[in-house]
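Visitor: Protein chains in written order, with the numbering used here: chain A, -14 to 297; chain B, -14 to 297.
There are 2 protein chains.
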Amino acid sequence: MSEFDLISRYFTTRFPQRADVNLGIGDDAAICTVPSGMQLVTSIDTLVAGVHFPLITKPEDIGYKALAVNLSDMAAMGATPVWMTLALTCPEVDAIWLQKFSQGLLELAQANQVSLIGGDTTRGPLTITIQIAGLVPSNTALKRSGAKPGDSIYVTGTIGDAGLGLAAINQQITLSKSAQEYTISRLNRPTPRLQEGQLLRGIANSAIDISDGLIADLGHILAASNVGASLQIDKLPLSKPLRESVSNETALELALNAGDDYELCFTTDLSTILPDISCTYIGKIEADLGLRCLTKQGDIFSPKTHGYQHFN
Amino acid sequence: MSEFDLISRYFTTRFPQRADVNLGIGDDAAICTVPSGMQLVTSIDTLVAGVHFPLITKPEDIGYKALAVNLSDMAAMGATPVWMTLALTCPEVDAIWLQKFSQGLLELAQANQVSLIGGDTTRGPLTITIQIAGLVPSNTALKRSGAKPGDSIYVTGTIGDAGLGLAAINQQITLSKSAQEYTISRLNRPTPRLQEGQLLRGIANSAIDISDGLIADLGHILAASNVGASLQIDKLPLSKPLRESVSNETALELALNAGDDYELCFTTDLSTILPDISCTYIGKIEADLGLRCLTKQGDIFSPKTHGYQHFN
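(1) How many whole angstroms separate the CB atoms of A/Thr141 and A/Ile258, which I take to be in contact at a CB cut-off of 8 Å?
(2) Alpha helix (DSSP H) containing A/Ala164: first to last residue?
(3) Does the separation of the CB atoms of A/Ser210 and A/Asp202 fall below 9 Å?
(4) If B/Thr31 sits next to A/Asp105, beta carbons under 8 Å apart, how far is it from one beta carbon to the other, in whole angstroms?
(5) Among B/Ser215, B/Gly213, B/Phe251 and B/Ile154, whose alpha-carbon lies nearest the alpha-carbon of B/Leu301?
(6) Between the C-alpha atoms of A/Val33 and A/Ser224, what's the straight-line distance to the nearest angstrom?
(7) For A/Gln183, decide whether its Cβ has a neighbour in chain B, counting only Cβ atoms nearer than 9 Å.
(8) Excluding the five sequence neighbours on either side, which residues of its own chain have a C-beta within less than 8 Å of the C-beta of B/Ile154, listed in chain order?
(9) Our contact map puts B/Met59 next to B/Ile117 with C-beta atoms below 8 Å; I'd like the distance itself, whole angstroms only.
(10) Using a beta-carbon distance cut-off of less than 9 Å, what residues from the stretch -2 to 16 of chain B approach chain A?
(11) Is DSSP giving B/Ala77 helix, strand or coil here?
(12) Below 8 Å, how does it come out for the stretch 4 to 20 of chain B and the stretch 60 to 74 of chain B: are there three or more Cβ pairs, yes or no?
(13) Once the 5 residues before and after B/Gly35 are set aside, which same chain residues still bring their CB inside 8 Å of it?
(14) Should B/Ile29 be flagged as near chain A, meaning a C-beta pair shorter than 9 Å?
(15) Considering B/Thr159, what are the terminal residues of the alpha helix (DSSP H) in which it resides?
(16) Mind the definition here: the stretch 178 to 192 of chain B touches the stretch 236 to 245 of chain B only if three or more C-beta pairs lie below 8 Å; say whether that holds.
(17) Over the uninterrupted alpha helix (DSSP H) stretch that includes B/Ala236, give me the two end residues.
(18) Report the start-end ranges of each beta strand (DSSP E) in the stretch 175 to 261 of chain A that is 3 residues or longer and not cut off at the edges.
(19) Within 9 Å of any Cβ in chain A, is that where the Cβ of B/Thr18 sits?
(20) What are the start and end residues of each continuous beta strand (DSSP E) run of 3 or more residues lying completely inside the stretch 49 to 136 of chain A, in chain order?
(21) To the nearest whole angstrom, what separates the beta carbons of A/Leu160 and A/Ser230, a pair I think is in contact under 8 Å?
(22) Taking CB distances under 9 Å as the criterion, tell me whether A/Leu259 reaches chain B.
(23) Check each candidate in A/Lys220, A/Ala4, A/Gly109 and A/Leu120 and name the one with the smallest Cα separation from A/Met23.
(24) For A/Gly283, does the three-state DSSP call read helix, strand or coil?
(25) Does the beta-carbon of B/Ala214 have 16 or more other beta-carbons within 10 angstroms, so that it is buried, or is it exposed?
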């Protein structure tokens, strides 16, 4: 058996098995059944070493995060993840690295009963591409395009934490031990808000996950829905470690512009019947195009940076 | 608009639109409908520059081949390709390169009415991952695992051509102009045998596409089916350019061990009702495990190499 086969076997046997997978890894393609009344929801995300995660990131965290960012896309659609494929490009066959990487991936796959139905392993610079497939009852998926003037805007959890963790890793700031552990955990092991997304079907008019920063990602909702918004920046949900580690202004900059938190941002006109999820009201959708960040006093707040962009 | 957005727009608008794509590129995920009575067939393949194609390969050929190898997996399953996602990692935004790459991809997508439903564009060493989705009537997909003793073994088209083209590019051999053009075209622009695969549903007991070489890929059928085989090497379908460019022994080595031809290899016990496809009988499935290559005189032929393996 070649190393090539060994790797494949390594990933195949331990992942959750599902009855809707008719033929899993080991043929030219996998065969799956989508139940009638359900739509297929798919997304693909690539993580490149040194671009999407620091080179010093532990392999188990890389494996975890590679799946987490894809699950987060399912959360943003209100879908239930079911199957994944993995295209792993790595410079060499390092058994220990692969064991740890697959362990992190497996942990999150098991927690969400996601089957690994296919993959490709190639030699090259470390790059991880995962495609996730989910299911959603027909015509109930959350989209970016449904925000309406008058909608309230919410975010789940807290934002800005992952950005602070990255700054700590990049030695731009020194944190207390507990703040460092918390924020780096938020960066490396984001929690995809799957249950929240599913509970928001029929409630939210629009939704997105925050991968590039609140301003950038809310901006996608605004563009897709052809609306504007006012954000009340004093309402932004900031964690205690974030508030205690940096100035209020820096905390706001991170909350508005740092990515990688993978919280959901959604809009709704049904605030009175919101499901029981941890979320915070942060502003209103308006007919006037553009995004206005307002202080408690009603002044315009102009953040310095505008989210992470590749190829800058 | 950022370069990031520009790239995305570049790929979105020109690809075939399909009625079964309910939401295409531009949200957190795509939404598609699988018709009842059909199963979803998916496969993922990565091409790394310098590993899966020579660095000098034209971008339009890279785009074409990246989809072709995935369509070939659909062919091997007897599936009809419908949707694709593209994860493109490239070192820089080179508009001309991207235009040519997308042109090659588009050409084959249009010919097969495949929608591009999602993607991710990241900065890094040139790596192209495509996931293809296809549909097949439930329980009719071709698999590797159904070969039975007594089955006849067939291959479509001719084999060994792409290997000769690669040898020419690597300056291991000098070919006539016409032979060079033909074999490099076979390497860079393989024809996925989609129609053949679909016609073989209900006829073939097993099938695979030849990406790593006949011996390696037929070996996968034998392993999955727990059978053996005898090949009659004088029956191998060799093209005129291959036969005229190298010795008979080299031609056989290439036909048996070079990959990248993307022809189908299949087995059947229904040779008398084979559909009207271009294919050649090359041997028999046997109960005795292992693969025996036999000359016309019945002697054992031992090829020198055993297919392409990564990480060698």
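Think of the CB as a built atom: it goes at the ideal place given N, C-alpha and C, for glycine as much as any other residue. These numbers were taken from a predicted model, which means no experiment stands behind them.
Guide: In short, the structure shows the following:
(1) Position 156 of the first sequence holds residue 141 of chain A. Position 273 of the first sequence holds residue 258 of chain A. The pair is not a contact, with the Cβ atoms about 17 Å apart (cut-off 8 Å).
(2) Against the first sequence, residue 164 of chain A aligns to sequence position 179. Unbroken alpha helix (DSSP H) run through A/Ala164: Lys162 to Asn173.
(3) Locating residue 210 of chain A in the first sequence gives position 225, where the first residue counts as 1. Locating residue 202 of chain A in the first sequence gives position 217, where the first residue counts as 1. Their beta carbons are not under 9 Å apart, which means A/Ser210 does not touch A/Asp202 by this criterion.
(4) Along the second sequence, one-based indexing puts residue 31 of chain B at 46. Along the first sequence, one-based indexing puts residue 105 of chain A at 120. Yes, they are in contact, since the Cβ atoms of B/Thr31 and A/Asp105 sit about 5 Å apart, within 8 Å.
(5) With chain B covering only -14 through 297, there is no way to say anything about residue 301 of chain B.
(6) Here residue 33 of chain A refers to the residue found at position 48 when the first sequence is read from its first residue. Here residue 224 of chain A refers to the residue found at position 239 when the first sequence is read from its first residue. Distance between the alpha carbons of A/Val33 and A/Ser224: 28 Å.
(7) The residue given as residue 183 of chain A occupies position 198 in the first sequence. By this cut-off, A/Gln183 is not an interface position.
(8) Taking the second sequence and counting its residues from 1, one reaches residue 154 of chain B at position 169. Excluding sequence neighbours, B/Ile154 sits near Pro39, Ile41, Ile169 and Leu172.
(9) Taking the first residue of the second sequence as 1, we reach residue 59 of chain B at position 74. Taking the first residue of the second sequence as 1, we reach residue 117 of chain B at position 132. Correct: roughly 6 Å between the Cβ atoms.
(10) Asn7, Leu8, Gly11, Asp12, Asp13, Ala14, Ala15 and Ile16
(11) Here residue 77 of chain B refers to the residue found at position 92 of the second sequence. The amino acid occupying residue 77 of chain B in the given sequence is Glu; Ala does not appear at that position. In the structure shown, B/Glu77 sits in coil (DSSP, three-state: anything other than H, G, I, E or B).
(12) yes
(13) Residue 35 of chain B sits at position 50 when you count from the first residue of the second sequence. Within the same chain, B/Gly35 has no close Cβ partners at all.
(14) By one-based count along the second sequence, residue 29 of chain B stands at place 44. Judged by the 9 Å Cβ criterion, B/Ile29 is in contact with chain A.
(15) Stepping through the second sequence from its first residue, residue 159 of chain B is reached at position 174. Segment: none, B/Thr159 is in no alpha helix (DSSP H) and carries neither H nor E.
(16) no
(17) Residue 236 of chain B sits at position 251 when you count from the first residue of the second sequence. From DSSP, the alpha helix (DSSP H) with B/Ala236 extends over Asn233 to Asn242.
(18) 191 to 194, 213 to 217 and 249 to 253
(19) As a first step, residue 18 of chain B is located in the second sequence; it is residue number 33 there, counting from the start. Yes, because at least one Cβ of chain A sits closer than 9 Å to the Cβ of B/Thr18.
(20) 65 to 75, 100 to 108 and 112 to 122
(21) The residue given as residue 160 of chain A occupies position 175 in the first sequence. The residue given as residue 230 of chain A occupies position 245 in the first sequence. At roughly 5 Å, the Cβ-Cβ gap stays under 8 Å, so A/Leu160 and A/Ser230 are in contact.
(22) In the first sequence, counting from the first residue as 1, residue 259 of chain A sits at position 274. So, not an interface residue.
(23) As a working mapping, residue 23 of chain A is identified with position 38 in the first sequence. For A/Met23, the nearest C-alpha among the options comes from A/Leu120.
(24) The residue labelled residue 283 of chain A in the question sits at position 298 within the first sequence. Note: A/Gly283 maps to coil in three-state DSSP.
(25) As a working mapping, residue 214 of chain B is identified with position 229 in the second sequence. Buried.
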